[in-house]
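Q: Protein chains in written order, with the numbering used here: chain C, 1 to 610; chain E, 611 to 906.
My questions will all concern the structure given below.
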Amino acid sequence: MSVKRCTSLIGGLLILVGSLVATAPMVSANEELLKLQKDDGQWASQSKDYAATRYSSLNQITPANVKNLKVAWSFSLGTLNGQEGGPLVVGDTMYVHSSYASTNSHNIYALDLTKEGAPIKWKYAAKHDPKAVPVACCDLVHRGVQYANGKILYQTLDGIVIALDAKTGKELWKTRNADPSKGETNTGAGMVIHDKFIVGVAGGEFGVRGWVAAYNINTGKQVWKARSTGPDEDLMLASDFNAANPHYGRFGEGTKSWPGEQWKKGGGTTWGWYSYDSELNLLYYSTGNPGTWNPAPRKGGDNKWSMTIWARNPDTGVAKWAYQMTPWDNWDYDGINESVLTEQTIGGKKLKVLTHFDRNGFVYTLDRTNGTLLSAEPFVYVNWAKGIDLKTGRPIVNTDKLTKQGEDTKNICPCAMGGKNQVPVAYSPVTNLFYASVNNMCMNYEGQLVQYTAGAPYVGASVLMFNGHEGKDQNWWGDVIAWDVVKGKKVWDIKEQQPPWSGPVVTASNVVFYGTMDGWFKAVDARDGKLLWKHKVGSGIIGNPMTYKGPDGKQYVAVYSGVGGWFGATVSLDLPADDPTAALGGVNAAYLSGLPMATSKGGTLYVFGL
Amino acid sequence: MSRRSAILSGFIVVMILFPFAWQAWGDELKQLRVCGDPDNLPFSNKKSEGFENKIAQVIAKELGAELAYFWWPHQRGLVRRAMRPGLCDVMISIPQGWDQVLWTKPYYRSAYVIVYPKDRGFQITSLDDPILKRLKIGVYINSPPAEALANRDIRTNLVGYSLLNYGDQNERPGKIIQDLIAGELDVVIDWGPMAGYFVKRLNASSPLEVVPLQGGEPGIPFTFEFSMGVREGNTALKAELEQAISKRHAEIRKILEDYGVPLLPLLAREQFPKVEEKPGEVFYRRFDRDDPLTSY
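In structure tokens form, the structure reads like this:
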């Protein structure tokens with residue numbers, strides 16, 4: 001080759017090396033995981049990729065041929081309570097997990113996709129002493145395992161972080177993250193970034209002061225832990241924290257925005273889905289509601305940083321920015337929902353953004369490099385706030401909808417379950433649309449409800465829920481919608497009788513898959529929502545479907561069936577309609593929507609193929 | 611016929627002629643299974659040192675039943691996972707109006723109380739006392755007094771304690787009184803039976819004043835009536851318990867007084883009605899698992 005070309009080659013090499021040195025994270029990069037995520041034949045992370053898009057470029061299954069989809073094989077997960085999350089496929093192995101059984105055991109299986117019928121390669125059955133969880137926690141669900149570097153990683157319901165050898169299922173290490181004797185538990189899947197497993201905690205109602213923590217995937221040692229409320233050193237704030245948006249609040253807010261010392265019972269739990277930008281090296285996650293559920297004692301400040309989208313360096317834990325969505329929460333709009341990372345053209349500029357469909361009914365799009373708020377629109381009917389002021393970032397609260405112990409506040413929309421709950425959305429770069437499973441429910445805060453715990457009585461408000469809003473739209477309980485984040489509007493809407501509690505997956509060939517709580521697994525056209533195919537599975541679906549390519553080169557779609565979770569617990573917990581106390585407590589919602597006559601409990605993995 | 615077989619056949623004749631005699635015999639052996647908190651004084655513990663344990667003993671004796679316990683903390687899930695599956699039949703002391711169970715007629719009434727050292731030079735009789743704006747107040751978060759204080763714009767000088775953190779050693783019911791005695795707090799607003807017991811037990815260097823809060827505010831009651839609670843639909847046991855409580859009323863009152871439970875006169879009416887669901891409206895409650903628990 002000529003000297004000139006040689007020189008430019010060398011120059012190019014030097015630049016390449018230089019850029020690697022400049023941008024390489026502080027510790028060894030988990031290049032393998034990034035590579036696996038790009039291979040659409042695999043599904044190596046619960047959210048498919050770090051951007052949490054739940055999008056696959058696989059296109060063998062199309063709107064034209066999906067009507068031929070049929071069950072290829074199925075597998076019983078071994079428990080009968082609500083099955084959330086979904087399987088992973090790494091190489092030729094599928095990793096599945098179950099909900100918790102009544103024996104407090106929790107199954108993880110590795111299935112061999114190379115053999116007919118996908119036989120079990122190994123099984124890990126974790127069993128936990130029920131007395132280790134004296135707080136009889138609300139849920140039996142678990143949102144799944146993660147994979148990295150030949151290991152399977154997960155945090156149990158009672159707060160133990162475990163690493164298994166992905167080949168053999170052997171336990172490599174375990175360590176405690178959450179202490180159930182303090183009300184701390186876990187239902188989330190966490191996320192692996194570099195050599196760290198990043199996990200959160202649940203239990204806000206117990207006054208838990210939430211956090212995220214990072215554990216070294218090789219040793220199990222805790223590397224850092226960052227709180228959601230409290231002094232700056234607990235929050236681990238960068239010196240330029242929120243420099244781009246100082247009006248969001250900068251230093252001292254984790255204590256100042258609370259009366260007195262109430263930040264100590266601050267809540268701000270972190271059990272939702274996470275996302276990560278490997279170029280910016282920022283982890284994105286969101287926090288839940290404050291520990292004191294009545295707003296009156298917390299009045300006088302924003303109660304930061306509950307209800308907040310955080311951006312942190314995953315290696316050090318240091319926070320670059322944070323944006324609070326619902327200051328001084330009055331409604332239990334737990335802010336833990338996920339943030340999906342995309343590039344959008346806004347105001348003529350191509351921006352790296354994140355989009356977050358919050359429980360409070362607004363979909364927020366922020367510049368994810370610095371947290372600047374770009375848009376916030378209601379994606380369901382909302383009346384607790386008239387809108388979000390883009391300049392200040394604050395909601396314009398409708399003071400009629402504030403709540404107070406002893407006073408009635410009616411027709412608050414959305415209900416506490418949220419415009420969208422933890423069910424993850426999907427995003428297609430082909431359509432540039434988001435696909436979300438949302439709720440059509442509002443609520444009344446009314447009267448007083450006598451409560452009792454550990455010997456002492458207190459009262460709470462009766463929170464009554466109903467579908468529709470202000471007397472309208474009362475024939476269904478939820479929707480699957482397609483949302484255009486640039487135009488700020490809904491493109492199509494599928495009404496579902498039961499609130500859909502299954503996070504969609506979308507493919508390059510414009511097929512969206514999702515499940516319904518009464519057991520229909522559906523394929524719809526990503527462009528217009530037209531129903532293309534459906535199949536009735538054994539039990540309602542609250543898991544998230546995924547798609548992968550088998551060793552035979554064919555595309556498959558897999559989903560858990562097994563109803564449960566908040567709305568579906570009527571079925572998974574066998575609550576009868578004629579039990580007079582079962583008639584109280586939300587059982588009625590499910591009966592009104594017809595759920596108990598529409599499905600029964602189960603726990604099965606279904607794999608579909610052409 | 612031998613003497614023994616004569617007696618035996620006489621016995622059989624009696625049992626055949628008087629079939630209800632079998633039933634009486636069976637009733638003698640019945641059990642009163644109490645859902646007991648294994649470690650929550652003053653209410654209950656596994657050594658039966660709590661006032662619920664003492665009251666249970668009295669009731670069991672009155673009913674002629676063997677007293678047995680299912681031990682699990684009185685936290686969310688107990689009714690669903692122990693009482694409903696029949697692992698235990700009665701909770702000795704629950705607030706009237708608590709809709710998880712069928713409650714008996716109330717048998718005692720108590721109140722949230724203000725507690726402070728007598729030698730501090732102040733006297734507080736109600737939450738309206740302006741001195742509360744200046745003092746460091748210990749209070750249980752989410753309790754009615756916490757709400758009432760917030761309504762008086764008293765927030766920044768509160769130190770919060772949690773009822774729900776059962777296992778956390780920093781949150782045991784006596785801690786709030788210990789912190790008061792240690793001078794970390796100036797005044798405490800505590801649930802009466804808890805305060806009364808620890809005030810009696812923790813010999814403070816200077817005595818503590820205990821002042822019951824009266825009445826309440828709209829939606830924020832300070833006093834509660836207490837009943838026994840049985841599984842919904844178990845009207846037979848409810849009736850038996852009501853009878854036993856009535857008969858042993860004086861003994862039960864003495865037990866409560868010995869434990870320092872602040873007692874107020876029972877109300878002539880039901881304090882909290884059963885909450886009704888209107889058609890088309892449903893309650894938002896968390897769903898608890900309902901698989902049976904195993905006793906501590």
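Where is the CB? At the ideal position from N, CA and C, for every residue including glycine.
Quick one: using the 10 Å Cβ neighbour count with 16 as the cut-off for buried, is residue 375 of chain C buried or exposed?
A: The sequence position of residue 375 of chain C within the first sequence is 375, counting from 1. Under this definition residue 375 of chain C is a buried residue.
Q: How would you list, in chain order, the residues of chain E whose beta-carbon sits under 8 Å from the beta-carbon of residue 259 of chain C?
A: Within the first sequence, residue 259 of chain C is the residue found at index 259, counting from 1. Simply 765, 766, 768.
Q: Suppose the cutoff is 7 Å on Cβ atoms and the five residues either side in sequence are ignored; what does the same chain contact list for residue 122 of chain C look like?
A: Taking the first sequence and counting its residues from 1, the one referred to as residue 122 of chain C is at position 122. Correct list, in chain order: 110, 168, 169.
Q: Cα separation between residue 294 of chain C and residue 839 of chain E?
A: Here residue 294 of chain C corresponds to residue number 294 of the first sequence, with the count starting at 1. Here residue 839 of chain E corresponds to residue number 229 of the second sequence, with the count starting at 1. Distance between the alpha carbons of residue 294 of chain C and residue 839 of chain E is about 27 Å.
Q: Once you ignore the five residues that flank residue 906 of chain E on each side, which residues in its own chain have a CB closer than 6 Å to its CB?
A: Position 296 of the second sequence holds residue 906 of chain E. The residues are 648, 681.
Q: Quick one: is residue 799 of chain E near chain C, going by C-beta distance under 7 Å?
A: The residue labelled residue 799 of chain E in the question sits at position 189 within the second sequence. No, because no Cβ of chain C sits closer than 7 Å to the Cβ of residue 799 of chain E.
Q: What are the start and end residues of each continuous beta strand (DSSP E) run of 3 or more residues lying completely inside the segment 327 to 365 of chain C, in chain order?
A: Within the segment 327 to 365 of chain C, the runs of beta strand (DSSP E) that reach at least 3 residues and sit entirely inside it are, in chain order, 339 to 346, 349 to 357.
Q: Would a check of beta-carbon distances place residue 15 of chain C closer than 7 Å to chain E?
A: The count along the first sequence starts at 1 and reaches residue 15 of chain C at position 15. Here the model assigns residue 15 of chain C a pLDDT of 43, short of 50, so the residue's position is not dependable and the matter cannot be decided.
Q: What did DSSP end up calling residue 597 of chain C once you bin it into helix, strand or coil?
A: For this step, residue 597 of chain C is matched to residue 597 along the first sequence. Residue 597 of chain C: helix per DSSP, three-state reduction.
Q: Can you give me the C-alpha to C-alpha distance between residue 271 of chain C and residue 397 of chain C, rounded to a whole angstrom?
A: For the purposes of this step, residue 271 of chain C is identified with residue 271 of the first sequence, where counting begins at 1. For the purposes of this step, residue 397 of chain C is identified with residue 397 of the first sequence, where counting begins at 1. Rounded to whole angstroms, residue 271 of chain C to residue 397 of chain C spans 27 Å at the Cα level.
Q: Under a three-way DSSP split, which group does residue 154 of chain C fall into?
A: Locating residue 154 of chain C in the first sequence gives position 154, counting from the first residue. Of the three classes helix, strand and coil, the one that applies to residue 154 of chain C here is strand, per DSSP.
Q: Please list the partners that residue 708 of chain E has in chain C, where partner means a Cβ-to-Cβ separation under 8 Å.
A: Indexing the second sequence from 1 puts residue 708 of chain E at position 98. Per Cβ cutoff of 8 Å: 450, 451, 452, 457.
Q: Closest to residue 322 of chain C by C-alpha separation, out of C:385, C:491, C:232, would be which residue?
A: As a first step, residue 322 of chain C must be located in the first sequence, where it is residue number 322. Comparing Cα positions, the closest option is C:232.
Q: Find the nearest neighbour of residue 349 of chain C within the set C:486, C:176, C:307, judged by alpha-carbon distance.
A: Stepping through the first sequence from its first residue, residue 349 of chain C is reached at position 349. Just measuring C-alpha positions, the residue of C:486, C:176, C:307 sitting nearest residue 349 of chain C is C:486.
Q: Relative to the C-alpha of residue 362 of chain C, which candidate in C:447, C:371, C:379 has its C-alpha closest?
A: Locating residue 362 of chain C in the first sequence gives position 362, counting from the first residue. Looking at the Cα atoms, C:379 is the closest of the given residues.
Q: So residue 911 of chain E contacts chain C; which residues on that side make the cut at Cβ distance below 7 Å?
A: The displayed coordinates of chain E run from 611 to 906. Any statement about residue 911 of chain E would go beyond what the structure contains.
Q: Provide the residue(s) that pair with residue 555 of chain C in DSSP beta bridges, ordered along the chain.
A: Within the first sequence, the letter at position 555 stands for residue 555 of chain C. C:549, per the DSSP bridge assignment.
Q: For residue 244 of chain C, tell me which candidate among C:159, C:216, C:392, C:98 has the shortest Cα-Cα distance.
A: Residue numbering aside, residue 244 of chain C sits at position 244 when the first sequence is read from its first letter. It is C:392 whose Cα lies nearest to the Cα of residue 244 of chain C.
Q: Answer yes if the segment 258 to 267 of chain C comes into contact with the segment 31 to 50 of chain C, meaning at least three C-beta pairs across the two stretches below 8 Å, and no otherwise.
A: no
Q: Hey, out of C:50, C:63, C:69, whose CA is closest to residue 147 of chain C's CA?
A: One-based indexing of the first sequence puts residue 147 of chain C at position 147. Out of C:50, C:63, C:69, C:50 has the C-alpha closest to the C-alpha of residue 147 of chain C.
Q: Roughly how many angstroms lie between the CA atoms of residue 341 of chain C and residue 751 of chain E, to the nearest whole one?
A: Taking the first sequence and counting its residues from 1, one reaches residue 341 of chain C at position 341. Taking the second sequence and counting its residues from 1, one reaches residue 751 of chain E at position 141. Approximately 38 Å between the Cα atoms of the pair.
Q: Could you pull the start and end residues of the beta strand (DSSP E) that residue 288 of chain C belongs to?
A: Looking up residue 288 of chain C in the first sequence gives position 288. Segment: none, residue 288 of chain C is in no beta strand (DSSP E) and carries neither H nor E.
Q: Which one or two residues does DSSP pair with residue 469 of chain C in a beta bridge?
A: Indexing the first sequence from 1 puts residue 469 of chain C at position 469. Partner(s): C:472.
Q: Are the beta-carbon atoms of residue 524 of chain C and residue 537 of chain C separated by less than 7 Å?
A: Taking the first residue of the first sequence as position 1, residue 524 of chain C is located at position 524. Taking the first residue of the first sequence as position 1, residue 537 of chain C is located at position 537. No; because the gap between Cβ atoms is not below 7 Å, this pair is not in contact.
Q: Take residue 389 of chain C as the anchor and find which of C:36, C:490, C:364 has the nearest alpha-carbon.
A: Start at 1 with the first residue of the first sequence, and residue 389 of chain C comes out as number 389. Residue C:364 holds the alpha-carbon nearest to the alpha-carbon of residue 389 of chain C among C:36, C:490, C:364.
Q: If you drop the 5 nearest sequence neighbours on each side, which residues of the same chain put their C-beta closer than 6 Å to that of residue 493 of chain C?
A: The residue you call residue 493 of chain C lines up with position 493 of the first sequence. So the qualifying residues of the chain are 479, 481.
Q: On the criterion of 16 or more Cβ atoms from any shown chain inside 10 Å, does residue 311 of chain C qualify as buried, or is it exposed?
A: Position 311 of the first sequence, counted from the start, is the residue given in the question as residue 311 of chain C. Residue 311 of chain C comes out buried.
Q: Spell out whether any CB of chain E is found under 7 Å from the CB atom of residue 602 of chain C.
A: Residue mapping note: residue 602 of chain C aligns to position 602 of the first sequence, counting from 1. The C-beta of residue 602 of chain C comes no closer than 7 Å to any C-beta of chain E.
Q: Counting only beta-carbon atoms, is residue 944 of chain E nearer than 7 Å to chain C?
A: Outside the shown range of chain E, which is 611 to 906, sits residue 944 of chain E, and nothing can be said about it.
Q: CB-CB under 8 Å to residue 234 of chain C, same chain, minus the five flanking residues each way: which ones, in chain order?
A: Indexing the first sequence from 1 puts residue 234 of chain C at position 234. Here the set comprises 226, 227, 254.
Q: Which word fits residue 654 of chain E, buried or exposed, when buried means at least 16 other C-beta atoms lie within 10 angstroms of its C-beta?
A: The residue given as residue 654 of chain E occupies position 44 in the second sequence. Classification for residue 654 of chain E: buried.
Q: Tell me the rounded alpha-carbon separation between residue 543 of chain C and residue 105 of chain C.
A: As a position in the first sequence, residue 543 of chain C is number 543, starting the count at 1. As a position in the first sequence, residue 105 of chain C is number 105, starting the count at 1. One C-alpha to the other measures close to 19 Å.
Q: Buried or exposed: residue 741 of chain E, going by 16 or more other Cβ atoms within 10 Å of its Cβ?
A: For the purposes of this step, residue 741 of chain E is taken as the residue at position 131 of the second sequence. Exposed is the call here.
Q: Strictly under 7 Å for the Cβ-Cβ distance: is residue 667 of chain E near chain C by that measure?
A: Locating residue 667 of chain E in the second sequence gives position 57, where the first residue counts as 1. Chain C contact via Cβ: absent.
Q: Determine, using beta carbons only, whether residue 54 of chain C and residue 426 of chain C come nearer to each other than 7 Å.
A: Here residue 54 of chain C is taken as the residue at index 54 of the first sequence, counted from 1. Here residue 426 of chain C is taken as the residue at index 426 of the first sequence, counted from 1. Result yes, Cβ atoms of residue 54 of chain C and residue 426 of chain C sit closer than 7 Å.
Q: Mind checking residue 240 of chain C: buried by the 16 CB within 10 Å criterion, or exposed?
A: Walking along the first sequence from the start, residue 240 of chain C turns up at place 240. Looking at its Cβ environment, which holds fewer than 16 other Cβ atoms inside 10 Å, residue 240 of chain C is exposed.
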